[in-house]
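For reference, the structure discussed in these notes is given below.
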């Protein structure tokens with residue numbers, strides 16, 4: 012049976028992890044490779060690296076990091092952050108990334124999804140969608156939820172699927188950072204209306220939230236950052252709890 | 009031991025190279041007929057679309073070379089699918105090593121299947137030391153139905169072939185290089201055949 016996936020997300024700046032990470036046993040708390048190895052040993056099913064650096068050398072630094080991660084880590088990982096061309100994706104995949112995640116560049120140029128899917132295959136193209144509710148309507152936002160667009164979540168998600176995305180990573184900006192649970196209603200609607208896997212993101216605070224997003228939210232995978240980084244939730248403990256609740260996981 | 013990964017411009021080979029390195033071996037990438045023929049083990053990777061990958065094989069003459077190899081050959085993911093008779097993806101004629109036609113998952117399930125699924129009914133030395141129902145990592149929209157050559161089953165919508173074997177030819181639909189410790193053991197088993 013296909014297992015539900017647990018995905019820690021690491022923010023990267025200039026080749027280093029950004030958010031404070033509370034791992035006492037780390038030799039170098041800022042080294043994404045070391046952290047990735049720990050998560051992989053604890054049973055993470057996948058990893059997402061989100062690059063937020065904005066330097067001239069960004070592309071090269073990220074490619075070098077991807078190479079170092081691929082060298083050590085034996086589970087799949089996705090790289091996102093500022094990817095906007097076929098060349099960007101080519102470099103990352105060649106250095107060992109399994110998938111790439113695109114967000115703003117897809118909204119600005121939807122054809123990019125078609126081009127990437129045609130060149131590299133749908134399986135490695137994740138489209139990330141950030142949205143929040145305005146007057147009861149889910150509106151797609153850019154720049155970490157700061158800039159609203161004209162696009163509505165469910166229409167955009169459908170278009171993204173039709174253009175060839177292999178997966179959707181949906182972050183509810185209303186839930187992100189609240190630790191009050193995932194946006195399960197919207198997630199369930201995405202999962203029902205679309206026929207590609209949906210990754211839930213934004214709102215993870217406790218063990219029950221993960222169970223809820225897999226049952227009520229019908230999500231295929233759940234992504235979180237701080238609850239894992241600050242050891243509020245251990246991945247093994249989380250997966251044991253999910254199993255207890257009848258959710259298929261890899262243990 | 010000389011390990012060659014067939015290089016025909018199809019997908020993420022860096023990960024396979026690294027996985028082999030983690031086992032203590034070096035693999036070389038090559039599209040050179042002589043180098044491939046002289047290898048002790050051959051890995052045939054593949055990510056992407058079947059008909060364009062097959063075209064690349066034909067253009068380089070590798071479509072004639074691969075079915076005649078005598079040493080252990082491991083096709084991974086699309087590599088395994090191309091070793092089959094045909095694929096529904098792009099109406100592709102394959103290398104006809106495995107006597108099975110690759111078809112698309114139905115609309116009953118999300119396509120592609122992405123993630124960790126379990127393998128069972130394990131046969132062959134490829135799975136030496138691997139317990140039934142271990143999880144392995146897969147990403148695919150097309151699958152090989154069960155056949156006489158099935159050496160591992162997985163279930164998604166219906167039971168299908170997670171791995172195939174015909175004489176010296178092995179194929180895994182899953183990615184051993186991305187399947188954690190279980191995958192590493194399977195790769196190690198292959199290198200030990």
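Chains as they are written, first to last, in this note's numbering: chain A, 12 to 262; chain B, 9 to 201. Don't be surprised by glycine CBs; every beta carbon is placed ideally from N, CA and C.
Note on geometry: alpha-carbon atoms of residue 139 (chain A) and residue 162 (chain A) lie some 14 Å from one another.
With respect to chain B, the C-beta atom of residue 164 (chain A) has no partner C-beta closer than 7 Å. With fewer than 16 other Cβ atoms inside 10 Å of its own Cβ, residue 148 (chain A) counts as exposed. In the displayed model, residue 68 (chain B) falls within a helix according to three-state DSSP. Pairing residue 153 (chain B) with residue 24 (chain B), the inter-Cα distance amounts to about 25 Å.
Contacts between residue 104 (chain A) and chain B, judged by CB atoms closer than 7 Å, involve 20 in chain order.
For secondary structure counted as the beta strand (DSSP E) over 3 or more consecutive residues, the segment 25-76 of chain B holds these complete runs in sequence order: 35-38, 49-52.
Contact annotation for residue 13 (chain A) against chain B: 121, 123, 124, 125, 164 [CB-CB distance below 8 Å, chain order]. Annotation for residue 115 (chain B): no beta strand (DSSP E) segment contains it, and DSSP assigns it neither H nor E. Taking the Cβ atoms as the reference, residue 160 (chain B) lies roughly 7 Å from residue 129 (chain B), within the contact range of under 8 Å.
Around the CB of residue 14 (chain A), 16 or more other CB atoms lie within 10 Å, so the residue is classed as buried. Under the three-pair Cβ rule at 8 Å, the segment 162-171 of chain A does not count as touching the segment 219-237 of chain A. One alpha carbon belongs to residue 74 (chain A), the other to residue 156 (chain B), and they sit about 43 Å apart. Counted as a single uninterrupted DSSP element, the beta strand (DSSP E) harbouring residue 178 (chain A) occupies residues 178-183. About 6 Å separates the beta carbon of residue 184 (chain A) from that of residue 141 (chain A), a gap short enough to meet the 8 Å contact definition. Here residue 125 (chain B) carries a strand assignment [DSSP, helix/strand/coil]. Minimum Cα-Cα distance from residue 92 (chain B) among the listed residues B:166, B:80, B:45, B:62 corresponds to B:62. Taking 7 Å as the threshold, the shortest C-beta distance from residue 195 (chain A) to chain B does not fall below it. Listed along the chain, the chain A residues whose CB falls inside 8 Å of the CB of residue 68 (chain B) amount to none; the nearest CB is some 19 Å away. Put simply, the backbone Cα of residue 28 (chain B) is about 24 Å away from that of residue 42 (chain A).
Residue 70 (chain A) and residue 211 (chain A) have their C-alpha atoms spaced approximately 27 Å apart. DSSP places residue 29 (chain A) in the coil class of the three-state scheme, outside both helix and strand. By the criterion of a C-beta distance shorter than 8 Å, residue 191 (chain B) is surrounded in its chain by 27, 144, 145, 182, 183, 184, 185, once the five residues flanking it on both sides are discounted.
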